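Asks: Just so we're aligned: 90 in my numbering is position 92 of the sequence shown, and the numbers increase by one with no gaps anywhere.
Every residue gets a Cβ at the ideal spot worked out from N, C-alpha and C, and that includes glycine.
All values derive from a computational prediction rather than experimental measurement.
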Amino acid sequence: MRILYIVILSFFVSVSSAQVNFVNAGTISYERRISQFAALGNSEDDSNMWMEELKKQFPKVVADNFTLQFNSKESFYYLTKENSDNKYINMLFKPSETNYVNQKHESGTVTSATTIFENTYLVNDSLVKYEWKITGEVRDIAGFECKKAITKICDSVVVVAFYTDQIPVQAGPENFNGLPGMILGIAVPRLGTTIFATSISLQAAPNYVLPTLSKPKKSTIKQLDADLVKTTKDWGKEAAAILWFLKL
């Protein structure tokens, strides 16, 4: 009886260890959906005839596919495939094949490339720190049980995240991080934007090859924010929504 107990215990220990190792590396596919007029802060501006005309010419929602490769040390988030049928009302919504976010978990740093207003920025800085509040809500995303957490960006824009502790890597799409597990879903109601995992492969992915950047402008997060504020200062009421979107 004692031998049988030891055999059974050893089996469960080995299975548990295999599961922990199994979820420390993999590839996640995400779909980003943007409700274009909501993202610009004009979804309820029915008195604006110009905006009403744009609504006839452009789709309400555009969707693009992204990939996140991860292991216990770092993660890479980048465009998988742009939907060729998309018609973007603002080119800021159009993803670039040279954009990426590389979160380095061990050093607590991030390197990202982003093209904004015809300028390519190469940002090296510390990981963005978010003040998360974990709630009791649970939902299933791509077959994983996820818990709900809430934070804010730009002081007032609410971001809802869903993370799974079944993948114990504190990463996620875009710059989002800092929860006790992988973030599989992001929703920003004020910007009409969602990023949700559609499939997950829990196998080590090949190394991501960084794209070649043409004369990037090296920057920090603070410097980039200052550049964006300066560029959009005369853009009127849409400026705030654009800045919020760029902070995702």
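How big is the Cα-Cα spacing for A169 and N175?
Replies: C-alpha separation (whole angstroms): 4 angstroms.
Asks: Quick one: Cα of L38 to Cα of E236, how far?
Replies: Distance between the alpha carbons of L38 and E236 is about 6 angstroms.
Asks: When the Cα of K245 is compared with those of D232, G234, Q221 and N22, which residue comes out closest?
Replies: Of the listed residues, the one whose Cα sits closest to K245 is Q221.
Asks: Should the region 202 to 210 be called in touch with the region 89 to 99, which here means at least 3 C-beta pairs below 8 angstroms?
Replies: As far as the Cβ criterion goes, the region 202 to 210 touches the region 89 to 99, which means the pair count is three or higher.
Asks: By DSSP's criteria, F248 is part of a beta bridge. Which residues make up the other side?
Replies: The structure shown has nothing for residue 248, since the chain only spans -1 to 246.
Asks: Can you give me the C-alpha to C-alpha distance between F243 and L189, rounded to a whole angstrom?
Replies: Between F243 and L189, the C-alpha separation is close to 7 angstroms.
Asks: Is the CB-CB distance between K131 and I148 below 8 angstroms?
Replies: Contact flag set, yes.
Asks: T109 to L125, Cα distance in whole Å?
Replies: Rounded to whole angstroms, T109 to L125 spans 9 angstroms at the Cα level.
Asks: According to DSSP, simplified to helix, strand and coil, what is T133?
Replies: T133 falls in the strand class under three-state DSSP.
Asks: Can the beta-carbon of L66 be found closer than 8 angstroms to that of Y128?
Replies: In this structure, Y128 does not lie closer than 8 angstroms to L66 by Cβ.
Asks: Going by the CB atoms, is the gap between N88 and V60 shorter than 8 angstroms?
Replies: The answer is no: Cβ separation not under 8 angstroms.
Asks: Nearest to T191 by CA position, among D62, Q55, N22 and G24, is which residue?
Replies: It is D62.
Asks: With DSSP run on the structure shown, which of helix, strand or coil describes L189?
Replies: Here L189 sits in helix by DSSP.
Asks: Have a look at I198 and K231 and give me their C-alpha separation to the nearest angstrom.
Replies: Between I198 and K231, the C-alpha separation is close to 41 angstroms.
Asks: Between the C-alpha atoms of F56 and F115, what's the straight-line distance to the nearest angstrom?
Replies: Between F56 and F115, the C-alpha separation is close to 21 angstroms.
Asks: Output yes if chain D places a C-beta closer than 8 angstroms to the C-beta of F174; else output no.
Replies: Looking for chain D here will not work: only one protein chain is present.
Asks: How would you label M180, buried or exposed, when you count the other beta carbons within 10 angstroms and need 16 or more for buried?
Replies: Counting Cβ neighbours within 10 Å, M180 comes out buried, since at least 16 surround it.
Asks: Comparing alpha-carbon positions, which option in A23, N22, T25 and R31 lies nearest F194?
Replies: That would be R31, whose Cα lies nearest to the Cα of F194.
Asks: I need the straight-line Cα distance from I26 to T196, nearest angstrom please.
Replies: Cα to Cα, the separation comes out at about 8 angstroms.
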